[in-house]
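For the sequence shown, the positions run 378 to 524 when our numbering is used.
Even for Gly, the Cβ is constructed at its ideal location relative to N, Cα and C.
Source: prediction; values computed, not measured.
The structure appears right after this line, and notes come after that.
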Amino acid sequence: MKLLSGKVVHQLDTKNRIRIPAKYKNAFPEKEKLFFVEYAPDCISVMPESVLGSRLASFDEVNPGDPVMMNAKRRILCSIEEVTEDAQGRTQIPKSFREYAELGKDVVTVGMGDYVEIWSQEKFEASVGGMTIQQANAVAYKKSAEQ
378 MKLLSGKVVH QLDTKNRIRI PAKYKNAFPE KEKLFFVEYA PDCISVMPES
428 VLGSRLASFD EVNPGDPVMM NAKRRILCSI EEVTEDAQGR TQIPKSFREY
478 AELGKDVVTV GMGDYVEIWS QEKFEASVGG MTIQQANAVA YKKSAEQ
């Protein structure tokens, strides 16, 4: 899979549908299912099945007798839905996901390496807009040096 990077500003239509931008859609593995996921705060993640599967692999070992882990598994798995497209390549974002990310008409789709995020444009600018690239690099390099 190609690196998913950059951002695209676009809009939901009147039926709350979007087209996943071609630069991202074409980078996902061909014919692999995509999923909406409540993964990070304030946005919706769109992940191919292989990426989602690797993130969920730890749940394969969950002890059914551990109520905290079972509830975490339930909560996470019920926050995932398959992305479906109509004949024109549009996908409707389910209401629960729109509410979770507080999406309005204007949205930003952001490449995150092996998945993409869909943000309210306002929330994206509030979250990322105050950070310079120098600050982002300082955080990233400090974190990698600690590992």
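| task | Determine the DSSP secondary structure at D443, reduced to helix, strand or coil. | result | As a first step, residue 443 is located in the sequence shown; it is residue number 66 there, counting from the start. Three-state result, D443: coil.
| message | When you compare the stretch 447-467 with the stretch 389-400, are there three or more beta-carbon pairs, one atom per stretch, that lie closer than 8 Å? | response | yes
| Within 9 Å, strictly: CB atoms of E499 and G488 | Translated into positions along the sequence shown, residue 499 becomes position 122. Translated into positions along the sequence shown, residue 488 becomes position 111. Contact: no.
| message | For V428 and A515, I'd like the C-alpha separation in whole angstroms. | response | Counting from 1 along the sequence shown, the entry for residue 428 is found at position 51. Counting from 1 along the sequence shown, the entry for residue 515 is found at position 138. So the two alpha carbons sit approximately 27 Å from each other.
| said: Could you tell me which whole beta strand (DSSP E) segments of length 3 or greater appear in the stretch 429-494? | reply: 457-459, 483-488
| message | Which residue wins for smallest C-alpha separation from C455, given the options P406, E502, V414? | response | Start at 1 with the first residue of the sequence shown, and residue 455 comes out as number 78. Residue V414 is the option with its Cα nearest to C455.
| query | Should I421 be labelled buried (16 or more other beta-carbon atoms within 10 Å of its own) or exposed? | reply | The count along the sequence shown starts at 1 and reaches residue 421 at position 44. The residue is buried, with at least 16 neighbouring Cβ atoms inside 10 Å.
| Beta carbon proximity, I495 to chain D, threshold 9 Å | The question asks about chain D, but that chain is absent: this structure has only one protein chain.
| field | V484 to K519 span [Cα, whole Å] | value | On the sequence shown, residue 484 is found 107 positions in, with the first residue counted as 1. On the sequence shown, residue 519 is found 142 positions in, with the first residue counted as 1. Roughly 31 Å between the two C-alpha positions.
| query | How about N403 and K472: are their beta carbons less than 9 Å apart? | reply | Here the question's residue 403 lines up with position 26 in the sequence shown. Here the question's residue 472 lines up with position 95 in the sequence shown. Cβ atoms of N403 and K472: not closer than 9 Å.
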